[in-house]
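Plus 28 on top of the position in the sequence shown (first one is 1) and you've got the working numbering.
All C-beta atoms in this analysis are idealised placements derived from N, C-alpha and C, irrespective of residue type, glycine included.
What follows is a single structure, written as structure tokens, with notes after it.
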Amino acid sequence: MKSYLKTITTLFCFFIFQQCTVINSGVSYSGVENYFETSLYGKGHLLKYAETGPWELGITFVAHKNGTIKAINIKNPELGKKRISIWDTTNRTLLATYEFNHNDDKTYLKNLISFKVDQGRTYTISMNSTQYFYHELNFRKLPISDDNITLLSTNFNQGRWQQFPDKQTDNIIHGLLDIDFQWVIN
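Structure below.
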């Protein structure tokens, strides 16, 4: 019985502390892991597989608050090195490039970064892949929004090279890219 209570107490404390804000240089932050899936389009969609590439696959969003992308999370059937690009969508300008070793196709692979996001600016995060997972939103369409972020579209362009994915769709989440987002609390 004591062991059971200790476990419950530990889990409760972990949950409470995980939801607390973080003070960094006098600024308060709060955050969510796998933001798009957790906060916007939800879990439990039927996962589908495609092998039609190569493709540059991406997600486009606008932040309603200043913040930081703390991690880029990838779920992809193609193992090996993955190039991830962050673009200024308005100007189609490349802002950052990361390369991650993707070694698990069953779960999201968390890749820690620190990328500042400005309120009101539109970003696209993309990766190049020949195989990818996707799921349909069925009775929902993008954009999907909350107080912190609006997920505008998922994007794609065929090709093996690093390029801005300028074709858009509003009813499929393809590539399964997600972020851990930490926003400033005013």
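- Runs of the beta strand (DSSP E) lying entirely within the region 130-184, each at least 3 residues long, are 137-145, 150-157 and 160-164 in chain order.
- Restricting attention to Asn-166, Ile-201, Ile-207 and Tyr-126, the CA atom closest to the CA of Leu-85 is found in Ile-201.
- The region 107-127 makes contact with the region 148-156, as at least three CB pairs between them are under 8 Å.
- Residue environment: Asp-175 is assigned as exposed (fewer than 16 neighbouring CB atoms within 10 Å of its CB, all protein chains considered).
- Residue burial is scored here from C-beta neighbours: Leu-140 has fewer than 16 other C-beta atoms within 10 angstroms and is therefore classed as exposed.
- If you draw a straight line from the Cα of Lys-144 to the Cα of Thr-96, it comes to about 4 Å.
- Between the alpha carbons of Leu-137 and Thr-182 lies a distance of about 20 Å.
- Between Phe-161 and Pro-82, the CB-CB gap reaches or exceeds 8 Å.
- Residues Lys-144, Val-145, Asp-146, Gln-147, Trp-211 and Val-212 of the same chain have their beta carbon placed closer than 8 Å to that of Asn-94, with the five preceding and five following residues left out of the count.
- For Arg-111, the enclosing beta strand (DSSP E) stretches over residues 108-116.
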